[in-house]
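Numbering of the sequence shown is given in this note's numbering, commencing with residue 175 and proceeding in unit increments.
C-beta: ideal position from N, C-alpha, C; glycine also.
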Amino acid sequence: MLIAKWLHIVFVVSWFAGLFYLPRIFVNHAMVEDEATRERFALMEYKLFRFMTPLGLLALGTGGWLMSYGFSGGWLHAKLVLVLGLIAYHVYCGILVKRFAAQRNARSHVWYRVFNEVPVLLLFAVVFFAVVKPF
């Protein structure tokens, strides 16, 4: 079980690095005016999303592996709901990557600054339920 925990933590940390950085690229991309910089940001977004997706899948897989050890309780259900929110956030980031690549972004850099904070809040909540186990 310790190997499963170790791998889960490594993959979650790696996935979150992408979840923190990709929206930050969106903030900068939404502010640029010149075509060359737009293309550079679109390529960065695509490559980062392509890199972080397998890390997210590995985080989910190792989380499933940990659940096979019989963890249960209300805290786990709450954590899983939050993980579903993270998955939805990740998928929506992928949609935004495609919109930026097609130059169809309709949001301001201010909106992306707020959007950038969502994974931070989810991380706080997920770690709270995983460590404190309040239910």
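- When DSSP assignments are scanned along the region 258–300, the uninterrupted stretches of alpha helix (DSSP H) that are 4 or more residues long and fall wholly within it turn out to be 283–289.
- Listed in chain order, the alpha helix (DSSP H) runs fully inside the region 207–245 are 209–241, counting runs of at least 4 residues.
- Nearest to Pro293 by C-alpha distance, out of Leu270, Phe215, Lys221, Tyr195, is Tyr195.
- Around the CB of His251, fewer than 16 other CB atoms lie within 10 Å, so the residue is classed as exposed.
- Sequence-distant Cβ neighbours of Lys221 in its own chain, meaning closer than 6 Å and more than five residues away, do not exist here.
- Here Lys179 carries a helix assignment [DSSP, helix/strand/coil].
- Judged by their CB atoms, Leu296 and Leu260 are nearer to each other than the 7 Å cut-off.
- Inter-residue distance for Tyr286 and Lys307 is about 32 Å (C-alpha atoms, whole angstroms).
- By alpha-carbon distance to Ala276, the top candidate from Phe245, Phe225, Glu219 is Glu219.
- One Cα belongs to Phe223, the other to Gly237, and the distance between them is close to 21 Å.
- Measuring C-alpha to C-alpha distances from Phe302 to each of Trp249, Val288, Ile177 identifies Trp249 as the nearest.
- With respect to the 7 Å criterion, Tyr266 and Met175 are not classified as neighbours on the basis of their beta carbons.
- Of the residues Ala178, Ala191, Leu181, Ile177, the one whose Cα lies closest to the Cα of His264 is Ala191.
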